[in-house]
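K.L.:
For the protein sequence lines, the chains are A and B, in the order given. For the first sequence, my numbering begins at 1 and goes up steadily by one. For the second sequence, my numbering begins at 1 and goes up steadily by one. Backbone N, C-alpha and C fix where the C-beta goes; we use that ideal spot for every residue, glycine too. Predicted model, so just to flag it, every value in this text is computed and none were measured.
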Amino acid sequence: MIDYALYFAFACFGLGLLMNIYRVISAPAVGDRILALDTMVINAIALLALFGIHKGTTMYFEASMIIAMTGFISTVSYTRFLLRGDIIE
Amino acid sequence: MLVEILIAACLVISGIFGLVGSLGLIKLPDPMMRLHAPTKATTLGVGGALIASMLYFYFVVGTFSFHELMITLFLFLTAPITGHFVAKTHLHLTRKPGDLPPTGSDRPWASYESDAERARIEAAAEGDTAG
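(1) How many Å lie between B/Leu91 and A/Val30 at the Cα?
(2) Between the beta-carbon of A/Gly56 and the beta-carbon of B/Val12, is there less than 8 Å?
(3) On a Cα-Cα basis, can you pick out the residue from A/Arg23, A/Ile2 and A/Ala44 that is closest to B/Gly18?
(4) For A/Ala9, collect the residues of the same chain with a Cβ closer than 7 Å to its Cβ; drop the 5 residues on either side in sequence, then sort them by chain order.
(5) If the cut-off is 9 Å on Cβ atoms, which residues from the stretch 33 to 62 of chain B count as contacting chain A, listed in chain order?
(6) Write down the C-beta distance between A/Ala36 and B/Leu35 rounded to the nearest angstrom, noting that I regard them as a contact closer than 8 Å.
(7) With DSSP as the reference, label B/Asp106 as helix, strand or coil.
(8) Whose C-alpha, out of B/Ala116, B/Glu117, B/Met1 and B/Ala125, is nearest the C-alpha of B/Leu55?
(9) How would you label B/Ala49, buried or exposed, when you count the other beta carbons within 10 angstroms and need 16 or more for buried?
(10) Tell me the rounded alpha-carbon separation between A/Ile21 and A/Thr39.
(11) Evaluate B/Pro31 with the Cβ neighbour count: other Cβ atoms within 10 Å of its Cβ, from every protein chain shown; 16 or more gives buried, anything less gives exposed.
(12) For a contact meaning CB atoms closer than 7 Å, what does B/Thr78 contact in chain A?
Right, here's the structure in full:
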């Protein structure tokens, strides 16, 4: 039963990732593009956690932690660049 | 058996919420509405997946790992900050300073204050406290 739920969750997050890619390509404004990139990072973390369950190993949690930090820093720096024209003041 | 049902329910709920978050990013009409879908629904979806992972490793594999809790805490802390910054960027790029209500002080909204103006006002304030 866990296997089928796992496949369902894989399909949902994979479909979400595809929608984010579509939104990155055809965004009406630059804010939507940043938001879509941030959502892609979150979906990638979810996929990594699900892949860890699928393989039965805890090895992937360090990778998802690093991806979470990188995604947060990149989103904040991108928005700050748009706000102030400068990242580190 | 009960644990399996719990893990499967967590996985299915997390998948649905993740899908709803990404769908809302495409379907909602207004940029400020679109901000809500990923920062709320997708964060909840990831939280569900990580809780399912924690339950799986504790009850099925037999090892307890607290990495998931760390990732969940980090995501739940950073999602509001990200939403705030994206909303501020959107306001900054689409609204003119005249569209916003007055601040109630002699200084403008912080996003529109130029660096030279801010430096001048802060230098004047320091001069006041020193003098």
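P.N.:
Reading it off the structure:
(1) Here the question's residue 91 of chain B lines up with position 91 in the second sequence. Here the question's residue 30 of chain A lines up with position 30 in the first sequence. Computed Cα separation, rounded: 12 Å.
(2) Position 56 of the first sequence, counted from the start, is the residue given in the question as residue 56 of chain A. Position 12 of the second sequence, counted from the start, is the residue given in the question as residue 12 of chain B. Contact: no.
(3) For the purposes of this step, residue 18 of chain B is taken as the residue at position 18 of the second sequence. The shortest C-alpha separation from B/Gly18 is found at A/Ala44.
(4) Here residue 9 of chain A refers to the residue found at position 9 when the first sequence is read from its first residue. Within its own chain, the residues whose Cβ lies closer than 7 Å to the Cβ of A/Ala9, once the five positions on either side in sequence are excluded, are Leu50, listed in chain order.
(5) Arg34, Leu35, Ala37, Pro38, Thr39, Thr42, Thr43, Gly45, Val46, Gly48, Ala49, Leu50, Ala52, Ser53, Tyr56, Phe57, Val60 and Val61
(6) Walking along the first sequence from the start, residue 36 of chain A turns up at place 36. Walking along the second sequence from the start, residue 35 of chain B turns up at place 35. So it is not a contact: roughly 11 Å between Cβ atoms.
(7) To locate residue 106 of chain B, count along the second sequence from 1; it is residue 106. Coil at B/Asp106, not helix or strand.
(8) Numbered from 1 along the second sequence, position 55 holds the residue referred to as residue 55 of chain B. Out of B/Ala116, B/Glu117, B/Met1 and B/Ala125, B/Met1 has the C-alpha closest to the C-alpha of B/Leu55.
(9) For the purposes of this step, residue 49 of chain B is taken as the residue at position 49 of the second sequence. Residue environment: B/Ala49 is assigned as buried (16 or more neighbouring CB atoms within 10 Å of its CB, all protein chains considered).
(10) The sequence position of residue 21 of chain A within the first sequence is 21, counting from 1. The sequence position of residue 39 of chain A within the first sequence is 39, counting from 1. In a straight line, the C-alpha of A/Ile21 is about 10 Å away from that of A/Thr39.
(11) Counting from one through the second sequence, the residue named residue 31 of chain B turns up at place 31. With 16 or more other Cβ atoms within 10 Å, it is buried.
(12) For the purposes of this step, residue 78 of chain B is taken as residue 78 along the second sequence, with counting starting at 1. Ordered by position in chain A, the residues that pass the 7 Å Cβ test against B/Thr78 are Phe72.
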